[in-house]
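Chemist: So the number in the numbering used here is just where the residue sits in the sequence shown, counting from 1, plus 990.
Even glycine gets a Cβ: it sits at the ideal position worked out from N, Cα and C.
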Amino acid sequence: MTNRIPETVIEEIRQANDIVDVIGDYVQLKKQGRNFVGLCPFHGEKTPSFSVTQEKQIFRCFGCGKGGNVVSFLMEMESYSFYEALQHLAERSGKELPDTGVKKESSLSQESQSILSAYEWVTKLYHHLLRYAKDGKEGYQYLQDRGLEEDTIDAFHLGFAPNAKDFTAEFLEKKGFHRQILVKAGLVSLLNDNSVSDRFRGRVIFPIRNHLGKTVAFGGRALGEDQEPKYLNSPESDLFQKGKLLFNFDLARKYIRKEGQVILFEGYMDVISAFQAEVRNVVATMGTALTEYQAKLLKRYVDTVIICYDGDNAGVEATSKAADLLRTVGCDVKVARIKDGLDPDSFIQTYGKEAFQNEVIKASETFIAFYMRYHRKAYNLNLEGDRIKYIEKMLEQLAMIDSPVEREYYVKELSKEFDISMDTLIGELENYQNRNKKQQDKSEKNRYTNSSSAPVRNKKLLPAFQNAEKKLISYMLQDATIAEKVREELGAAFNVDEHKIIATHLYAFYEDGHSADVSLFIERLTDQKLNQIVIEIAMTPVIDDISDKEINDYIKVIRAQANDVTDIQSLKSQQRMAERQNDPIKAAQIAKQIIEIQKQLKNTN
């Protein structure tokens, strides 16, 4: 596949997409020395082991072992084919892939591709009707009454489905879509008489997009008083799973990165109103409770989540559950308080965007402040027994906070309110902390004995010659001059078979006129095992200005190992000959020589 697209085009597209920026669209990366680190998107972890080097344009996870360049990252992350990954990068950088007759293979099934295409057509149709046609005036008026401006309607591609039984079905069938696909996509409903009816007829349409900006479902809001249900979603499918998607994630992603935090809502209109109010780092669940998958997704992108649910009792209950889940996956949680029991959309319409920004979002309280307020209602603090239970519950929660300043602040609050000495409260707090530490230690111990957890690799010390070969290859990867020197003095005389093959490939790579470029080099390696060995070696830190003497020392160590191995092989052949000639004394003398060389090798290594 790769050799049918001109290599110059592949290289141009790859170089136009910085790997840190591309991976940064999926992982919250933080600078650490010369590299960037984050939580691996390919396996669950709480401590970052995923590393990206901007200088070499490669990544590697030291936990699960996956690694590669910007193209292979997208292939792994999105299950893309090579062509799809390249196409994504081309679109991202404003470039075009030439029409070379290459088969545009897709990782999606033909059915899924048809469903995506159908949703794309209908999204455009419904939006056009809302904005420009008589059939869409009712929907347009509704959105205007909700305070939405034209730019906002356009940004979210909001639409309206006419109240006609087969308007959508006829439109799509004329485009070549089969009725069976439209039913499966959830765009039309199959009736008892085997006819179909438009699923979203007479509704304002909210396109639901995946993280790549592709519409995968609709949310429809009924306008008629007798129309039930009031809100209707597309049925779940391979492309649309409510527990894995977040509304507006595709538009919010860059703002989430910029702000370093995300605001979580419950509804579409909350997101859209906030977006119009210039609060852009906003997402929402799909009318269901936050799932662990969604919580982990947010944690991968950002540390701080502000929960901004409705201000009524149901909203507060949902806030508590979402906060517990987010904290479990390692997020720092804040809670936005909305007065008068309003939802975020109503608050914005009532008090305006400045009040929402300053009095709701910027005034968000810490999780502990919310926790204390939330749990007060469960206790009658006029009763001594309930007061004690409440204080103990608060201390138990405070014991899980990492910040000593925050802990002390709230312990003082408890001390003042309930007239209990700081020493007493701190003593009890420390008891909870010790208990938590014991449980954590036990959990860590179980984690390493649990068969379902990732295997822990025992890293044994490598022989000196093997380390020398790895070091030498790492310098060869970043300097063609060093590679040429090694080729002249050592050739392919590496002791490890994989190192021999890598060196041979590297010599050919430079002979083809390429400059040092690990990212391009690994793309030319078809063997996945060799590919991963190169990435591991390339991620090893090396000094910038290596001397000729050090390079020569590595070569000597490698050559000495090869010579000693050759000597042993020769002596073993002589030993077998002496045994065949029935000369036990000579055979024993040779055996002694072999043992001596092996002993020297062991001491050297």
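Among Phe1146, Glu1396 and Arg1514, whose alpha-carbon lies nearest the alpha-carbon of arginine 1199?
Modeler: In the sequence shown, the residue the question calls residue 1199 occupies position 209. Checked all of Phe1146, Glu1396 and Arg1514; the closest Cα to arginine 1199 is Phe1146.
Chemist: Could you check whether the segment 1190 to 1199 touches the segment 1147 to 1154, counting it as contact only if at least three pairs of C-beta atoms, one from each stretch, sit closer than 8 Å?
Modeler: The segment 1190 to 1199, when compared against the segment 1147 to 1154, does touch it at the 8 Å Cβ threshold.
Chemist: Tell me the DSSP bridge mates of glycine 1058?
Modeler: On the sequence shown, position 68 is the one that residue 1058 refers to. The partner list for glycine 1058 (beta bridge, DSSP) reads Phe1049.
Chemist: How about the segment 1530 to 1542 and the segment 1454 to 1466: do they share at least three Cβ pairs that are nearer than 8 Å?
Modeler: The segment 1530 to 1542 vs the segment 1454 to 1466: in contact.
Chemist: Considering Cα atoms alone, identify which of His1168, Lys1164 and Glu1218 is closest to arginine 1189.
Modeler: For the purposes of this step, residue 1189 is taken as residue 199 along the sequence shown, with counting starting at 1. The shortest C-alpha separation from arginine 1189 is found at Glu1218.
Chemist: From Glu1110, Tyr1070 and Ile1358, pick the residue whose C-alpha is nearest to that of serine 1393; which is it?
Modeler: As a first step, residue 1393 is located in the sequence shown; it is residue number 403 there, counting from the start. For serine 1393, the nearest C-alpha among the options comes from Ile1358.
Chemist: Could you check the C-alpha separation between glycine 1214 and alanine 1353 for me, to the nearest Å?
Modeler: Here the question's residue 1214 lines up with position 224 in the sequence shown. Here the question's residue 1353 lines up with position 363 in the sequence shown. Approximately 38 Å between the Cα atoms of the pair.
Chemist: Which ranges does the beta strand (DSSP E) cover as unbroken runs of at least 3 residues, wholly within the segment 1251 to 1280, from first to last along the chain?
Modeler: Qualifying beta strand (DSSP E) stretches, in chain order: 1251 to 1255 and 1272 to 1274.
Chemist: Enumerate in chain order the residues of its own chain whose CB-to-CB distance from leucine 1202 is below 6 Å, with the five nearest sequence positions on each side excluded.
Modeler: Stepping through the sequence shown from its first residue, residue 1202 is reached at position 212. Cβ within range, chain order: n/a, list empty.
Chemist: If we ignore side chains and look at the alpha-carbon of each, how far apart do glutamine 1134 and phenylalanine 1511 end up?
Modeler: Taking the first residue of the sequence shown as position 1, residue 1134 is located at position 144. Taking the first residue of the sequence shown as position 1, residue 1511 is located at position 521. C-alpha separation (whole angstroms): 56 Å.
Chemist: Evaluate aspartate 1300 with the Cβ neighbour count: other Cβ atoms within 10 Å of its Cβ, from every protein chain shown; 16 or more gives buried, anything less gives exposed.
Modeler: Within the sequence shown, numbered from 1, the residue matching residue 1300 stands at position 310. Classification for aspartate 1300: buried.
Chemist: Taking the straight line between their C-alpha atoms, what separation do you get for phenylalanine 1049 and leucine 1029?
Modeler: One-based indexing of the sequence shown puts residue 1049 at position 59. One-based indexing of the sequence shown puts residue 1029 at position 39. Straight-line Cα distance between these residues: approximately 12 Å.
Chemist: At which residues does the beta strand (DSSP E) containing lysine 1204 begin and terminate?
Modeler: For the purposes of this step, residue 1204 is identified with residue 214 of the sequence shown, where counting begins at 1. First-last for lysine 1204: undefined, no H or E at that position.
Chemist: Among Lys1311, Thr1281, Asp1302 and Gln1347, whose alpha-carbon lies nearest the alpha-carbon of glutamine 1266?
Modeler: Within the sequence shown, residue 1266 is the residue found at index 276, counting from 1. When each option's Cα is compared against that of glutamine 1266, the closest is Gln1347.
Chemist: Quick one: is asparagine 1424 buried, meaning 16 or more other Cβ sit within 10 Å of its Cβ, or exposed?
Modeler: Mapped onto the sequence shown, residue 1424 falls at position 434. Classification of asparagine 1424: exposed, given that the 10 Å Cβ count is below 16.
Chemist: Note down, one range per segment and in chain order, each alpha helix (DSSP H) of at least 4 residues found wholly within the segment 1447 to 1483.
Modeler: Taking only runs of at least 4 residues, the alpha helix (DSSP H) segments lying wholly in the segment 1447 to 1483 are 1454 to 1468 and 1470 to 1479.
Chemist: Expressed to the nearest angstrom, what Euclidean distance is found between the alpha-carbon atoms of lysine 1020 and proline 1031?
Modeler: Locating residue 1020 in the sequence shown gives position 30, counting from the first residue. Locating residue 1031 in the sequence shown gives position 41, counting from the first residue. Those two C-alpha atoms are separated by around 15 Å.
Chemist: Where do the ends of the beta strand (DSSP E) carrying aspartate 1322 lie?
Modeler: Indexing the sequence shown from 1 puts residue 1322 at position 332. Segment 1322 to 1325, the beta strand (DSSP E) holding aspartate 1322.
Chemist: Could you check what DSSP says for valine 1319 in three-state terms: helix, strand or coil?
Modeler: The residue you call residue 1319 lines up with position 329 of the sequence shown. It is coil, neither helix nor strand.
Chemist: Would you kindly work out how many angstroms separate the C-alpha atoms of alanine 1458 and threonine 998, rounded to a whole number?
Modeler: One-based indexing of the sequence shown puts residue 1458 at position 468. One-based indexing of the sequence shown puts residue 998 at position 8. For alanine 1458 and threonine 998, the distance between alpha carbons rounds to 34 Å.
Chemist: Counting C-beta neighbours from all protein chains within 10 Å, is the total for serine 1224 16 or more, i.e. buried, or is it exposed?
Modeler: By 1-based counting over the sequence shown, the position of residue 1224 is 234. Buried, because 16 or more other Cβ atoms sit within 10 Å of the Cβ of serine 1224.
Chemist: Using a Cβ-Cβ cut-off of 8 Å (strictly less than) and excluding sequence neighbours within five positions of serine 1509, which residues of its own chain qualify?
Modeler: As a position in the sequence shown, residue 1509 is number 519, starting the count at 1. Closer than 8 Å at Cβ, skipping near neighbours: Arg1004, Ile1009, Lys1046, Gln1047, Ile1048, Asn1059 and Val1060.
Chemist: Using a Cβ-Cβ cut-off of 7 Å (strictly less than) and excluding sequence neighbours within five positions of isoleucine 1013, which residues of its own chain qualify?
Modeler: Numbered from 1 along the sequence shown, position 23 holds the residue referred to as residue 1013. If we look at isoleucine 1013 and ignore the five residues flanking it on each side, its Cβ neighbours are Leu1019, Val1042, Phe1049 and Phe1063.
Chemist: Just grab the DSSP bridge partners of isoleucine 1195 for me.
Modeler: Here the question's residue 1195 lines up with position 205 in the sequence shown. In DSSP, isoleucine 1195 forms a bridge with Gly1149 and Gly1210.
Chemist: Let me check understanding here. Comparing Cα to Cα, which of Lys1406, Tyr1399 and Glu1386 lies closest to asparagine 1421?
Modeler: Here residue 1421 refers to the residue found at position 431 when the sequence shown is read from its first residue. Of the listed residues, the one whose Cα sits closest to asparagine 1421 is Glu1386.
Chemist: Determine the contact status of valine 1323 and alanine 1313, defining contact as a CB-CB distance below 8 Å.
Modeler: Reading the sequence shown from its first residue, position 333 is the one you call residue 1323. Reading the sequence shown from its first residue, position 323 is the one you call residue 1313. Yes, Cβ-Cβ distance for valine 1323 and alanine 1313 is below 8 Å.
Chemist: Quick check on the burial criterion: 16 or more other C-beta atoms within 10 angstroms. Buried or exposed for glutamate 1478?
Modeler: Numbered from its first residue, the sequence shown carries residue 1478 at position 488. Glutamate 1478 comes out exposed.
Chemist: If alanine 1274 and tyrosine 1291 are in contact, beta carbons under 8 Å, what's the gap, nearest whole angstrom?
Modeler: If you number the sequence shown from 1, residue 1274 lands on position 284. If you number the sequence shown from 1, residue 1291 lands on position 301. Actually they do not touch by this definition, with Cβ atoms about 15 Å apart.
Chemist: Taking the alpha-carbon of aspartate 1517 as reference, which of His1489, Lys1428 and Asn1303 has the nearest alpha-carbon?
Modeler: Within the sequence shown, numbered from 1, the residue matching residue 1517 stands at position 527. The residue with the shortest Cα to Cα distance from aspartate 1517 is His1489.
Chemist: Tell me where the beta strand (DSSP E) around asparagine 1521 begins and ends.
Modeler: Mapped onto the sequence shown, residue 1521 falls at position 531. Counting along the chain, asparagine 1521 falls outside any beta strand (DSSP E), though it belongs to the alpha helix (DSSP H) covering 1518 to 1528.
Chemist: Taking 8 Å as the cut-off, does the segment 1376 to 1383 touch the segment 1403 to 1412 (at least 3 CB pairs, one atom from each stretch)?
Modeler: Counting Cβ pairs under 8 Å, three or more are found: they touch.
Chemist: Kindly identify the DSSP beta-bridge partner or partners of glutamate 1101.
Modeler: Taking the sequence shown and counting its residues from 1, the one referred to as residue 1101 is at position 111. DSSP lists no partner for glutamate 1101.
Chemist: Go ahead and label arginine 1397 buried or exposed: buried means 16 or more other beta carbons lie within 10 angstroms of its beta carbon, across all protein chains shown.
Modeler: Reading the sequence shown from its first residue, position 407 is the one you call residue 1397. With 16 or more Cβ atoms within 10 Å of its Cβ, arginine 1397 is classed as buried.
Chemist: Which partner residues does valine 1508 have in the DSSP bridge list?
Modeler: Taking the sequence shown and counting its residues from 1, one reaches residue 1508 at position 518. DSSP output for valine 1508 lists no bridge partner at all.
Chemist: Applying the criterion that 16 or more other CB atoms from any shown protein chain within 10 Å of the CB defines a buried residue, is tyrosine 1221 buried or exposed?
Modeler: As a working mapping, residue 1221 is identified with position 231 in the sequence shown. Exposed is the call here.
Chemist: Output needed for glutamine 1170: all residues of its chain with C-beta closer than 8 Å, excluding positions within five of it in sequence on either side, in chain order.
Modeler: What you label residue 1170 is simply residue 180 of the sequence shown in a count that begins at 1. Around glutamine 1170: no qualifying Cβ.
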